[in-house]
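S.K.: Structure incoming, see below.
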Amino acid sequence: MRLVGIDAPEVSEPRCDAERTTGYAARDRLRDLIATSVTIEIADRGERDKYRRPLVRLFVDGRDAGDLLMNEGLAVRWRPGSKAWNERFRHWCGNTSPAS
C-alpha cells in the first residue's frame, strides 16, 4: 500500500545516497509509529496507484502518519509532474545530478 498525499524518499532505486539514507529513516520511523501505537486505522479510498498499490491514509493513535512523517522531514507533500519530480530530487539530493 502507499500513503496517499505524501512522497517519501526511495530506498530501492534512490537518486542519491542521501535519498536512500532518508528513505530508510522514513521506513524505520513508520514501523516505529505502528509498533508503538495503541490504535491503527487504515482509511482505504478504493483508489490504486500506477503500480496497483492501494492508496490509503494511515492513522496511528488518531494521528495521520503521513503528516507526522512530513512534520519530521521524512516525507514531502506529493505533487505529480516533472517539475514536482525535480523539486523532490533537489529536496532529497541537493544540487547533485541524478544517478544513472
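Each residue of the sequence shown is one higher than the one before, starting from 1 at the first, in full-length UniProt numbering.
The beta carbon of each residue, even a glycine, is placed where N, CA and C say it ideally should be.
Fair warning: this is a prediction, and the values are worked out from it, not measured in the lab.
I'd like the list of long-range same chain contacts for Gly23, defined as Cβ closer than 7 Å, with 5 residues on each side in sequence excluded.
M.R.: Mapped onto the sequence shown, residue 23 falls at position 23. Closer than 7 Å at the Cβ level, and outside the excluded window around Gly23, lie Ala8, Pro9, Glu10, Val11, Pro14.
S.K.: Comparing alpha-carbon positions, which option in Phe59, Gly46, Ala84, Leu74 lies nearest Ala35?
M.R.: Walking along the sequence shown from the start, residue 35 turns up at place 35. Residue Phe59 is the option with its Cα nearest to Ala35.
S.K.: Let me check you understand the geometry: is the CB of Val60 closer than 6 Å to at least one non-hydrogen atom of the ligand GTP?
M.R.: With respect to the ligand GTP, the structure offers nothing, as it holds no ligand at all.
S.K.: Say whether chain D places a C-beta atom closer than 7 Å to the C-beta of Arg79.
M.R.: Of the protein chains in the structure, only one exists, and it is not chain D.
S.K.: Taking the continuous alpha helix (DSSP H) assigned at Leu69, which residues delimit it?
M.R.: Taking the first residue of the sequence shown as 1, we reach residue 69 at position 69. Unbroken alpha helix (DSSP H) run through Leu69: 65-71.
S.K.: Just to confirm, is the Cβ distance from Arg53 to Arg2 under 7 Å?
M.R.: Working through the sequence shown from its first residue, we reach residue 53 at position 53. Working through the sequence shown from its first residue, we reach residue 2 at position 2. Closer than 7 Å, so yes.
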